[in-house]
Amino acid sequence: MTTQYGLLGLLEEAPRHGYDLKLAFDRVLSPQRPLPFGQVYATLARLERDGRVSVDGVERVEGPDRKRFAITPAGRAALRTWLREPLHPEPHLQADLYVKVVLAIILGDPLDDLLDAQRRAHLERMRELTALRQSAPLPTALLADYATFHLEADLRWLELTAARIDDLRTHLATRGTA
Amino acid sequence: MTALRSDLEPHTAPVTRAVAVDPRPTLEATGLVKRFGQTEALRGVDVALSAGEILAVMGPSGSGKSTLLHCLAGILAPDAGEVRLDGQRIDDLGETARSRLRRTAFGFVFQFGQLVPELPAVENAALPLLLNGQSRSSAIEAAEVWLDRLGLGGLEGRRPGELSGGQAQRVAIARALIAGPRIVFADEPTGSLDSLAGEQVMNQFTEAARTEGVAVVLVTHEPRVAAYADREIVVRDGRISGAAREGDQ
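Residue numbers (my numbering), protein chains in the order written: chain R, 538 to 715; chain W, 150 to 398.
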């Protein structure tokens with residue numbers, strides 16, 4: 538889903554060949570995981586079918602024809618709509634973590650051990666991301682920031698849950714798990 | 150979103166640090182107990198800090214983390230337990246000796262309100278050297294170098310009221326580092342800053358500390374700030390949480 542708008546956005550910046558488009562996508566939008574060529578061409582074919590991009594020209598430079606793609610007015614409109622629309626604020630909470638914590642509360646197991654272990658694991662990862670952010674080019678640094686903030690949110694939720702543990706246990710004891 | 154997440158899957162490359170951490174403890178506290186009236190703020194805390202190490206002290210409000218910092222730094226005397234700097238006990242020193250120690254071996258950064266409002270940035274940064282009896286001209290010169298290093302070149306003449314929160318914290322960091330301390334104690338140094346200013350302060354603070362080989366005790370409740378440290382301990386109800394595993398690190 539995001540890939541097609543990423544490609545549209547880069548085409549709005551300038552018309553490009555599929556290969557150049559892929560390189561720009563990898564550099565700016567997905568520095569850690571290159572987009573497979575197959576996906577680039579499949580997405581471009583779909584965008585062309587939907588009238589969101591058009592072939593702007595064909596070049597032949599020692600080898601196969603290279604199509605240059607450009608964004609169409611319909612593509613521009615679709616891109617603008619997507620940019621303006623907020624993403625569904627889906628909680629990033631990892632389901633496993635949530636289930637572990639709730640089970641620990643239900644079973645009366647100490648939450649502090651779980652919290653300590655998870656904090657250690659999260660902070661180790663956050664340290665790596667912090668080091669990465671200090672040395673990486675901007676797109677990677679932005680992704681590292683993004684990941685860091687989400688890991689921090691996990692930890693804050695865990696801390697808050699641990700701080701409310703007595704209330705939660707009382708709640709479960711009086712109302713049960715039903 | 151899944152793409153973003155998998156882009157940053159844990160990688161195996163080790164985290165590189167500018168200065169290798171010396172495994173021998175520079176500062177070591179054992180069995181620290183501190184009471185305020187009926188309240189036991191610290192209930193038997195052990196901590197060891199290696200030379201050049203950055204240690205985050207985390208924990209909820211009221212857990213005792215600031216009290217721990219104050220005991221380690223010789224600001225408060227513990228009711229029981231010992232604090233040693235390079236093997237020498239410092240918890241039983243008299244106030245004059247502790248005050249000298251705080252001026253020479255330690256540096257401090259607090260959340261806010263630590264700069265002298267009447268003095269320009271350069272004189273605030275130079276204060277430890279001036280208090281240690283260094284000549285005014287050489288102290289000011291050293292302060293100018295430090296302010297420049299922390300990205301404050303050109304702001305030397307500004308008073309604290311004319312600086313942003315982040316700039317003021319960087320002046321405080323220059324002041325904490327200027328006398329070449331062994332350890333800097335920082336209590337919520339980014340607590341009053343927004344995310345961007347906080348990040349800039351932490352980047353420059355930790356980079357300067359690592360370059361100088363200065364150890365840091367960093368009290369923070371923010372995981373993002375703690376992630377600048379080499380490791381973390383958590384204080385909960387006056388004890389180190391998960392202390393049994395401390396030795397495994």
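We treat Cβ as the ideally placed atom computed from N, Cα and C, and that holds for glycine.
- Query: Quick one: is S286(W) near chain R, going by C-beta distance under 8 Å?
  - Reply: no
- What separation, rounded to the nearest whole angstrom, lies between the Cα atoms of A205(W) and E381(W)? 4 Å
- Item | Integer-rounded CB distance, given that R586(R) should sit under 8 Å from H554(R) | 19 Å between Cβ atoms; not a contact.
- Message: Residues of the region 691–702 of chain R in Cβ contact with chain W at a cutoff of 8 Å, in chain order, please.
- Response: So the list reads L692, R693, E696, A700, given in the order they occur along the chain.
- Message: Mapping the DSSP letters down to three states, classify S341(W) as helix, strand or coil.
- Response: Coil at S341(W), not helix or strand.
- Once you ignore the five residues that flank G347(W) on each side, which residues in its own chain have a CB closer than 6 Å to its CB? T339
- Query: Given Y683(R), which residues of its chain have a CB within under 7 Å of its CB, disregarding the five upstream and five downstream residues?
  - Reply: Beyond the five residues adjoining it in sequence on each side, Y683(R) comes within less than 7 Å, by CB distance, of no other residue in the same chain.
- Task: Spatial neighbours of L697(R) within its chain, please: CB distance less than 8 Å, with the 5 preceding and 5 following residues excluded, ordered by chain position.
- Result: none
- Item | Assigned secondary structure, R621(R) (DSSP; H/G/I helix, E/B strand, else coil) | helix
- Task: Please report how far the alpha carbon of A323(W) lies from the alpha carbon of W295(W), in whole angstroms.
- Result: 6 Å
- Message: Between A376(W) and chain R, is the shortest Cβ-Cβ distance under 8 Å, so that the two count as touching?
- Response: yes
- Min CB distance R373(W) to chain R below 8 Å: yes
- Message: Would R621(R) pass as an interface residue toward chain W - the criterion being a Cβ-Cβ separation below 8 Å?
- Response: False, the Cβ-Cβ gap to chain W never drops below 8 Å.
- Give the interface partners of N352(W) over in chain R, defined as CB-CB distance under 7 Å, in chain order. Q671
- Task: With distances taken Cα to Cα, identify the nearest neighbour of Q349(W) among A325(W), H370(W), R285(W), S313(W).
- Result: S313(W)
- With respect to the beta strand (DSSP E) encompassing L304(W), which residues constitute its N-terminal and C-terminal limits? Run containing L304(W): none; DSSP gives neither H nor E here.
- Query: Sorted by chain position, which residues of the same chain lie with C-beta nearer than 6 Å to S390(W)'s C-beta, five sequence neighbours on each side aside?
  - Reply: V383
- Message: DSSP three-state label for E585(R), please.
- Response: helix
- Item | Cβ-based neighbour list, D593(R), same chain, cut-off 7 Å, excluding 5 preceding and 5 following | P552, R605, F606, A607
- Message: Less than 8 Å between the C-beta atoms of P372(W) and E689(R), yes or no?
- Response: yes
- Query: Which residue or residues does DSSP assign as beta-bridge partners of A607(R)?
  - Reply: S591(R)
- Task: Using a Cβ cut-off of 8 Å, pull out every chain R residue sitting near P209(W), in sequence order please.
- Result: E696, A700
- Query: Alpha carbon to alpha carbon, how far is A710(R) from A654(R)?
  - Reply: 26 Å
- Query: With respect to the beta strand (DSSP E) encompassing P174(W), which residues constitute its N-terminal and C-terminal limits?
  - Reply: Start and end: 174–185.
- Nearest neighbour of Y578(R), chosen from S567(R), R570(R), V590(R), P568(R) [CA to CA]: V590(R)
- Query: For E202(W) and chain R, any beta-carbon pair shorter than 8 Å?
  - Reply: It does not; no Cβ of chain R falls within 8 Å.
- At 8 Å on the CB atoms, spell out the chain R contacts of V365(W), in chain order. In chain order: nothing, as chain R lies at least about 14 Å away.
- What do you reckon, are the CB atoms on E231(W) and T179(W) nearer than 8 Å? yes
- Are three or more beta carbon pairs between the region 256–272 of chain W and the region 301–310 of chain W nearer than 8 Å? yes
- Item | Collapsed DSSP secondary structure at D386(W) in the structure displayed | coil
- Item | Same chain only: Cβ atoms within 8 Å of T580(R), ignoring 5 sequence neighbours per side | If we look at T580(R) and ignore the five residues flanking it on each side, its Cβ neighbours are T540, Q541, L544.
- Message: Which runs of the beta strand (DSSP E) at least 3 residues long sit entirely within the region 210–287 of chain W? Give them in chain order.
- Response: 229–234, 255–258
- Item | Under 7 Å from the C-beta of E381(W): neighbouring residues of chain R | L660
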